[in-house]
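Take a look at the structure set out below.
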Amino acid sequence: MGTPRQVTIRIARFADLAAIAAIQAASPEAAQWSPPDYLKHDCLVADVNSCVAGFLVTREVAPGEREILNLAVDPAERHTGIARGLLGDALARAKGNWFLEVRASNAAAIRLYESAGFHRAGRRQDYYYDPPDDAIVMRFHS
Ligand SMILES: CC(C)(COP(=O)(O)OP(=O)(O)OC[C@H]1O[C@@H](n2cnc3c(N)ncnc32)[C@H](O)[C@@H]1OP(=O)(O)O)[C@@H](O)C(=O)NCCC(=O)NCCS
C-alpha cells in the first residue's frame, strides 16, 4: 500500500511560486504570466501530499463579479479531480457572477467549466495569438 493521497486546497504563498511556474511552463494552453503577479490576486493551490499539483487565479472585477485569470494542473496529476476541486472551492468562496475566457480549441477546459456550471456567453474572434484562436466567453452565476 502506498501513502494515502491527501489533497488540500489552500491560498498560495510565496514558497509555492517555483511549483506554480513549473506547472505553467508545462501547460502551454494556460495564460503565461509572471507567477509573482498571481499573489496580487486571489490564488489557490491544490496541495497533494505537500506538493503543489495545480493552481487557480481569480480576481474581483466589480462588486459581486469575479473572473478567472488562470488555471493549470501538473500534467502528471491531471484527470484526478484537481481542477474540479480548485474551481469548486473558488466558486464556493464568492457568490455572484463569474466570467472567464478560454481558447476555443481548449476542449478539456471548456468541458471542465461546463461541468462546473459555466455557460457559453459569447465568442471573441481572433482574441488570442501565438497561436491564433478565438476566445469563448463563459459565465456562471451562483
Ligand atoms: C484543463 C485542466 C485544468 C483540467 O485539469 P484536471 O485536474 O485534469 O481536471 P479534472 O480531473 O478536475 O476534470 C474535471 C472535468 O473536466 C473535464 N476534463 C478535464 N480534462 C479533460 C480532457 N482532457 N478532455 C475532456 N474533458 C476533460 C471533464 O469533464 C472532467 O470530469 P470527468 O473526469 O468526470 O470526466 C488541465 O487539463 C490543464 O491544466 N490544462 C492546461 C491548462 C489549461 O488549459 N488551463 C485552462 C485555461 S482557461
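FYI, the numbering for the sequence shown is 16 to 157, going by my numbering. Note that CB positions come from ideal geometry on N, CA and C, so glycine has one too.
### Query
For Leu32 versus Pro50, is the C-beta spacing smaller than 8 Å?
Contact: yes.
### Task
Tell me, please, which residues DSSP counts as bridged to Gly69.
Ala61 and Val88
### Option in Phe70, Asp62 and Asn64 with minimal Cα separation from Gln39
Phe70
### Task
Please report the Cβ distance between Tyr142 and Ala150, rounded to the nearest whole angstrom; I am assuming they are in contact, meaning their Cβ atoms lie under 8 Å.
Right, their Cβ atoms sit about 4 Å apart.
### Task
From the DSSP output, read off the bridge partner residues of Arg135.
Met153
### Task
Note down, in chain order, each residue of its chain lying with its Cβ closer than 6 Å to the Cβ of Asp148, except the 5 sequence neighbours on either side.
Arg118, Ala119 and Ser120
### Query
Does DSSP put Tyr53 in a helix, in a strand, or in coil?
helix
### Query
Ordered along the chain, which non-local residues of its own chain (more than five positions away) have a Cβ less than 6 Å from that of Val158?
Only positions 16 to 157 of the chain appear in this structure, which leaves residue 158 out of reach.
### Message
By alpha-carbon positions, which one of Arg138, Leu54, Arg28 and Cys66 ends up nearest to Phe114?
### Response
Arg138
### Task
Scan the stretch 95 to 127 and note each continuous beta strand (DSSP E) run of 3 residues or more that stays entirely inside, going in chain order.
112 to 118
### Message
Would Asp104 and Leu54 be called neighbours here (beta carbons separated by less than 8 Å)?
### Response
no
### Message
Rounded to the nearest angstrom, what separates Val152 and Glu129 at their Cα positions?
### Response
12 Å
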